[in-house]
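To keep things clear, I will list the structure first and then write my remarks on it.
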């Protein structure tokens, strides 16, 4: 058999395997998700991988005010909490601890800045009602990710200034 024939046979086998994995086994969705996550031309995505929820000691869920939540920033308290769409999660210090990229969200209601792909807390603890459809879709992706990865430990209790967006 010639080198060309061997190469063509190997390529055909590889393409058949790729088709089987993508179409038959359903890996196309996972590949698409992997290709669209991360920072692509200014469109930011979350780089966490979905997986099982990080195991933590079971605790009773409770409500957290802005002041309560601020105590769980990884500095004042080693436990780090973040609220998304008023649902409070206990998150991983690897991403949200002091000195990490997402630490600016620790101890805050972070829906608005995450929806707007802002890596600062200028928009934290504010309602996300006036976000664009694209921003709300981004926020929903973060909520889906957090639901799959982090335990819910309570809910965010907004103050009056939470609803004063744009003022």
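Numbering (this note's numbering), first residue to last: 150 to 316.
C-beta: ideal position from N, C-alpha, C; glycine also.
Residue j beta carbon less than 9 Å from that of residue i
{"i": "residue 239", "j": "residue 299", "result": "yes"}
{"i": "residue 284", "j": "residue 266", "result": "yes"}
{"i": "residue 314", "j": "residue 279", "result": "yes"}
{"i": "residue 311", "j": "residue 215", "result": "yes"}
{"i": "residue 260", "j": "residue 297", "result": "no"}
{"i": "residue 276", "j": "residue 307", "result": "yes"}
Neighbour-count burial assignment, residue i, 16 or more Cβ in a 10 Å radius
{"i": "residue 258", "result": "buried"}
{"i": "residue 252", "result": "buried"}
{"i": "residue 269", "result": "exposed"}
{"i": "residue 305", "result": "buried"}
{"i": "residue 256", "result": "buried"}
{"i": "residue 187", "result": "Interpretation of residue 187 is limited by its pLDDT of 46, a score under 50 that renders its predicted location unreliable; the figure taken from the coordinates is listed afterwards. The residue is exposed, with fewer than 16 neighbouring Cβ atoms inside 10 Å."}
{"i": "residue 271", "result": "exposed"}
{"i": "residue 303", "result": "buried"}
{"i": "residue 287", "result": "buried"}
{"i": "residue 248", "result": "exposed"}
Of the residues the options, the one placed nearest residue i, counting alpha carbons only
{"i": "residue 246", "options": "307, 225, 233", "result": "225"}
{"i": "residue 263", "options": "241, 242, 295, 243", "result": "295"}
{"i": "residue 210", "options": "153, 312, 230, 277", "result": "230"}
{"i": "residue 309", "options": "274, 281, 286", "result": "274"}
{"i": "residue 222", "options": "254, 158, 282", "result": "254"}
{"i": "residue 301", "options": "244, 228, 154", "result": "228"}
Near the ligand ADP: residue i beta-carbon under 8 Å from a heavy atom
{"i": "residue 255", "result": "This structure does not include the ligand ADP; it has no bound ligands of any sort."}
Strand pairing of residue i, partner residues [DSSP]
{"i": "residue 304", "result": "212, 236"}
{"i": "residue 279", "result": "Partner(s): none; residue 279 has no beta bridge."}
{"i": "residue 230", "result": "239"}
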